[in-house]
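Heads up: the sequence shown begins at 48 in the numbering used here, then just goes up one per residue. Below you'll find the structure, written out as structure tokens, and then a few comments.
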Amino acid sequence: MRIMEIREMRVPLRGAVANAVVNFAEHDVSLVAVLAEIGGRRLAGIGFNSIGRFAQPGLLRERFIPRVLAAEPESFAGGPNGAADPAKVRDIAMRNEKPGGHGDRAAAVGALELAFWDLAAKAGEEPAWATIARHFGTTPHEQGCAVYAAGGYYYAPGDGMSLGDEMRGYVDRGFRAAKMKIGGASPAEDMARIEETVAVLGSPGQLAVDANGRFTPDEALARAAELDPLGLRWIEEMGDPLDYALNARLTGAVATPVATGENLFSRQDLANLLRFGGVRPGIDVFQMDAGLSYGLTDYAGMIADLEAAGHARDQAMPHGGHLINLHIVAGLGLGGCEAYPNVFLPFGGYAPQCRLDEGRIHPSDAPGFGLEQKPELAPLIDEITA
Ligand code: MG
48 MRIMEIREMR
58 VPLRGAVANA
68 VVNFAEHDVS
78 LVAVLAEIGG
88 RRLAGIGFNS
98 IGRFAQPGLL
108 RERFIPRVLA
118 AEPESFAGGP
128 NGAADPAKVR
138 DIAMRNEKPG
148 GHGDRAAAVG
158 ALELAFWDLA
168 AKAGEEPAWA
178 TIARHFGTTP
188 HEQGCAVYAA
198 GGYYYAPGDG
208 MSLGDEMRGY
218 VDRGFRAAKM
228 KIGGASPAED
238 MARIEETVAV
248 LGSPGQLAVD
258 ANGRFTPDEA
268 LARAAELDPL
278 GLRWIEEMGD
288 PLDYALNARL
298 TGAVATPVAT
308 GENLFSRQDL
318 ANLLRFGGVR
328 PGIDVFQMDA
338 GLSYGLTDYA
348 GMIADLEAAG
358 HARDQAMPHG
368 GHLINLHIVA
378 GLGLGGCEAY
388 PNVFLPFGGY
398 APQCRLDEGR
408 IHPSDAPGFG
418 LEQKPELAPL
428 IDEITA
């Protein structure tokens, strides 16, 4: 196994949308390619750093990629299928980094580490979920994964589209569950939007709502109390995601599952949530995202930490509706995944070869994460590997 080159490319998001806090029109993502020779074959491992934390070209090009390229090949040998060990690559990338203060470097290292998982799966000519399941000794979802459509944006009158139209489109495509934004309108308007969506989905238990951390603690508690009698699937990030005391007050006040985790970037962040956040075994939802938290090695560690604290892995539903997380959910046997139909392109959503029926999504047999099968990504992968 020899690494010849590691490249990074900044890719702007298309089909961008806004939630209650962030307009994604200015967002971008780092696409990473590891060009390597394994057993006489030239392979390219492709990864990216999920969605919502910007591209990290400086961190990758100036710190993390040079450290990996400078390492002796024996120092990262021993990974799946004769490829590099992603856990060792992650440790080499993190040499001389202080603990704590994870921030943007967690996304940069995540993109790099995930590219090595794609490479390892391609070295074994198998889909990444199979490599992941064998490596971690998990029982994968061989019959597809539960999936929900994450969307439910705000439409201005005259947009030519309504929330109901958006949701009917998801149901027509085979989704049975969905998530919508709240917090960008008055409580009365949001309640009307929720009723419109429940009418399309057929049951409040199929609908989750996400405030993207928009509310003050008092507002969060008040809104949660108003939403609780509806019997929604979950309420997500009502207040600041690092306010563990608020999370504990929310879980103590409502029967509805409370979801959080997409803004936790390390195992220690999760340890704090487990200690102080009042999360309920078998009820609440964990949304950590490997591409935002140092990659799959650390993410799998988080799942082990959850289970050690008495929670179940089917409470884990990662943030980030894209192919990498589909393979992670399938490989680790997690609760389900989200999908971003039509938005956050070229990364959001799945490839046409992934079959969706009756609320379950089936990965294709393409080697690795199958990113080359995604029409919006394929030209960028050609460019970065040329
Ligand atoms: Mg969210």
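A virtual CB, placed ideally from N, CA and C, is assigned to each residue, including glycine.
(1) Measure the C-alpha to C-alpha separation of arginine 327 and threonine 303 and round it to an integer number of angstroms.
(2) At a cut-off of 7 Å, is histidine 149 close to the ligand MG when judged by its beta-carbon and the heavy atoms of the ligand?
(3) In its own chain, which residues sit with a C-beta less than 7 Å from the C-beta of leucine 116, not counting the 5 before and 5 after it?
(4) Identify the residues that DSSP records as bridge partners of glutamate 52: which are they?
(5) Going by DSSP, which residues form a beta bridge with leucine 90?
(6) Touching or not, the stretch 184-196 and the stretch 241-249, by the rule of three or more beta carbon pairs under 8 Å?
(7) How far does the alpha helix (DSSP H) with aspartate 165 in it extend, from its first residue to its last?
(8) In chain order, what are the residue ranges of uninterrupted beta strand (DSSP E) at least 3 long that sit wholly in the stretch 228-260?
(9) Tell me which residue opens and which closes the beta strand (DSSP E) that glutamate 213 is part of.
(10) Does the beta carbon of asparagine 259 fall short of 7 Å from some heavy atom of the ligand MG?
(11) Just how far apart, CA to CA, sit alanine 124 and alanine 130?
(12) Could you tell me if the beta carbon of histidine 366 falls within a distance shorter than 7 Å of some heavy atom in the ligand GDP?
(13) Which whole-angstrom value is the C-beta distance of tyrosine 341 and alanine 153, which I expect to be below 8 Å?
(14) Does the structure place the stretch 190-202 close enough to the stretch 407-425 that three or more beta carbon pairs sit under 8 Å?
(15) Under 8 Å: do the stretch 144-153 and the stretch 377-386 share three or more Cβ pairs, one atom per stretch?
(16) Short of 7 Å in beta carbon distance, which residues of its chain neighbour valine 245, apart from the five on each side in sequence? Order them along the chain.
Put simply:
(1) Numbered from 1 along the sequence shown, position 280 holds the residue referred to as residue 327. Numbered from 1 along the sequence shown, position 256 holds the residue referred to as residue 303. Inter-residue distance for arginine 327 and threonine 303 is about 11 Å (C-alpha atoms, whole angstroms).
(2) Numbered from 1 along the sequence shown, position 102 holds the residue referred to as residue 149. Answer for histidine 149: no, Cβ out of range of the ligand MG.
(3) Taking the first residue of the sequence shown as position 1, residue 116 is located at position 69. The answer, listed in chain order, is Ile50, Ile53.
(4) Residue mapping note: residue 52 aligns to position 5 of the sequence shown, counting from 1. Looking at the DSSP assignment, glutamate 52 forms a beta bridge with Leu82.
(5) Translated into the one-based positions of the sequence shown, residue 90 becomes position 43. In DSSP, leucine 90 forms a bridge with Ala83.
(6) No: fewer than three Cβ pairs fall under 8 Å.
(7) Here residue 165 refers to the residue found at position 118 when the sequence shown is read from its first residue. Run containing aspartate 165: 150-170, per the alpha helix (DSSP H) assignment.
(8) If we require 3 residues or more, the beta strand (DSSP E) runs fully inside the stretch 228-260 come out as 254-257.
(9) Start at 1 with the first residue of the sequence shown, and residue 213 comes out as number 166. Careful: glutamate 213 lies outside any beta strand (DSSP E), inside the alpha helix (DSSP H) at 210-220.
(10) On the sequence shown, position 212 is the one that residue 259 refers to. At least one heavy atom of the ligand MG lies less than 7 Å from the C-beta of asparagine 259.
(11) Position 77 of the sequence shown, counted from the start, is the residue given in the question as residue 124. Position 83 of the sequence shown, counted from the start, is the residue given in the question as residue 130. Looking at the two C-alpha atoms, the distance is approximately 7 Å.
(12) Among the ligands modelled here, namely the ligand MG, the ligand GDP does not occur.
(13) As a position in the sequence shown, residue 341 is number 294, starting the count at 1. As a position in the sequence shown, residue 153 is number 106, starting the count at 1. Cβ atoms of tyrosine 341 and alanine 153 come within 8 Å of each other, at about 5 Å.
(14) Taking one beta carbon from each stretch, the stretch 407-425 and the stretch 190-202 have 3 or more pairs nearer than 8 Å; the two touch.
(15) No contact exists between the stretch 144-153 and the stretch 377-386.
(16) Reading the sequence shown from its first residue, position 198 is the one you call residue 245. Cβ neighbours of valine 245 beyond the five flanking positions: Pro251, Leu254.
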